[in-house]
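Here the numbering used here is used: position 85 in the sequence shown is 344, and no number is missing along the way.
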Amino acid sequence: MPRLGWLVLGGLLFAQIKLRIGSTVPYDSPWEEALDTYLKAVEESAGKGKVVFRKYLSGQLGGEVEMVRSLRMGTLDMGVLSIGGLAEGLSMPELLVWEMPFLFESDEEVDYVMDALFGEFSRRLAEKGIVLVLWGVNGWRNFGCATRPILSPADLKGLKMRAQETPIYIELYKTLGATPVPMPTPDVLMALKNRMVDGFDQTVVFAVSAGWIGQVKHYTLTRHIFQPGAIVISKRVFDKLPSEVQKALLVEQRRASIQAYGRKVVRDEEQSILAGVEKEGSVKIYRLTPQQREAFRKAVEAARPRFEAHLGPAGKALLAQVQAKLAEYRRTKK
């Protein structure tokens, strides 16, 4: 819940609102930079010193599911979370439409569809006690493995792979013949060090920032899932705040520019990090040919009904909306 302090300006005493933000994103990462850009915009709008933020990153408050539940109860004020974490913590499988394997082909497709459906998802999250403020970017997920390169679906057979704690990721590994090991983000590094798992799928930026990449020898750019994120606020907390602070937190007039900056920061960092990892040389980076990537897509496509079953009726309806917007975008680019 928000905490009140006091601020003296010009001899007058003002209430100061203190908000805690939780996330598993690492400190000194592009996600923290994107978050700081948003926080600066809020502070400028609310007035200097009116709102004070305390960040708890790198999983200091636990895994994403745990933090989402705290948001619903109002014991945590704000979060920077993946869509998968929100889906599991809120019991909203329909959110997983964004993380259907091989749904998107480019950053531009993702941005267009997510921006077009911001209002729809904002409404649905509000019904679950969460205020959607901004879309964020985790990025394209790829396979990292300690034992062998993953260049075809057959290469995953028999491997123990860390899976995000959502049905889509568990189903993905089962479909490709690996053994999924569901695990919260803060536990993954130790599991890799102790060889409890052979590998993972994660974006290159997160894998490097969290230290996971140093525990594998092979990293394959499959780009099999695009994972969005979001900055969110506990509705229990939000509803108790003064209207001027609510308005400042929503940054409605600056949402597009702040989202665009956050996306650029993460995507620029991805290219820089990939170049750095390749130059350092201890981890081999593999770029799939179109034919190799198509083999993964076909393996997943054969199991599409099982993936869609995890979305539930509401998710299937949302998937139709996502696909309609995606088709709309692709028509404009022909």
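Glycine included, C-beta positions come from ideal geometry on N, C-alpha and C. Quick caveat: nothing in here was measured; it's all calculated off a predicted structure.
Pair within 7 angstroms by beta-carbon distance, residue i and residue j
i	j	result
Thr283	Thr425	no
Gly388	Lys494	yes
Val542	Ile472	yes
Leu393	Ile490	yes
Pro285	Ser317	yes
Leu384	Leu376	no
Val440	Lys419	yes
Val525	Val396	yes
Met337	Leu278	yes
Thr481	Phe402	yes
Val559	Phe485	no
Phe566	Glu364	no
Ile544	Glu553	no
Val372	Val504	no
Arg421	Phe459	yes
Leu410	Val463	no
Ala305	Arg513	no
Leu435	Pro412	yes
Residue span of the beta strand (DSSP E) that contains residue i, given as start and end
i	result
Arg482	His477 to Ser493
Val310	Val310 to Tyr315
Gly632	A question about residue 632 goes unanswered here, because the residues of the chain that appear run from 260 up to 593.
From the options, residue whose alpha carbon lies closest to that of residue i
i	options	result
Leu345	Val327, Leu335 and Ala413	Val327
Asp287	Phe465, Gly395 and Leu509	Phe465
Pro564	Lys575, Glu302 and Met332	Lys575
Pro352	Gln512, His569, Asn453 and Leu577	His569
Ala579	Arg331, Ala519, Glu367 and Leu362	Leu362
Ser341	Val310, Lys557, Gln582 and Pro487	Pro487
Val474	Gly281, Arg513, Leu451 and Tyr520	Going by the sequence as given, residue 474 is Gln instead of Val. For Gln474, the nearest C-alpha among the options comes from Leu451.
Met442	Lys593, Glu302 and Met455	Met455
Val467	Tyr588, Val311 and Glu528	Glu528
Gly308	Ala274, Gly333 and Glu292	Ala274
Glu539	Ala305, Gly436 and Lys476	Lys476
Met332	Thr591, Glu587, Asp498 and Ala515	Asp498
Tyr432	Gly378, Glu386, Pro501 and Ala562	Ala562
Arg556	Gly322, Glu303, Val311 and Met359	Met359
Gly378	Leu577, Tyr588, Asp366 and Arg590	Leu577
Glu386	Ile492, Val510, Tyr588 and Glu367	Ile492
First through last residue of the alpha helix (DSSP H) which encompasses residue i
i	result
Arg522	Arg514 to Glu539
Lys543	Note, Lys543: premise wrong, no alpha helix (DSSP H); beta strand (DSSP E) at Lys543 to Arg546.
Val369	Asp366 to Ala375
Pro289	Pro289 to Ala305
Val356	Careful: Val356 lies outside any alpha helix (DSSP H) and carries neither H nor E.
Gln505	Ser502 to Leu509
Val327	Glu323 to Met332
Proximity test, Cβ basis, 7 angstroms: residue i and chain D
i	result
Phe363	Among the protein chains of the structure shown there is no chain D, as only one such chain exists.
Integer Cβ distance of residue i from residue j, believed to fall under 8 angstroms
i	j	result
Leu595	Leu320	Because the chain is modelled from 260 through 593, residue 595 falls outside the range shown and cannot be assessed.
Ile280	Arg313	7 angstroms
Gln423	Gly343	5 angstroms
Trp290	Val339	6 angstroms
Thr438	Leu547	Actually they are not in contact, since the Cβ atoms of Thr438 and Leu547 sit about 23 angstroms apart, beyond 8 angstroms.
Asp457	Thr406	5 angstroms
Gly521	Ala293	3 angstroms
key: Sequence ranges, alpha helix (DSSP H) only - wholly within the region 548 to 590, length at least 4   = 549 to 560 and 563 to 568
request  = Note down, one range per segment and in chain order, each alpha helix (DSSP H) of at least 4 residues found wholly within the region 396 to 467.
outcome  = Listed in chain order, the complete alpha helix (DSSP H) runs (minimum 4 residues) inside the region 396 to 467 are 426 to 434 and 447 to 452.
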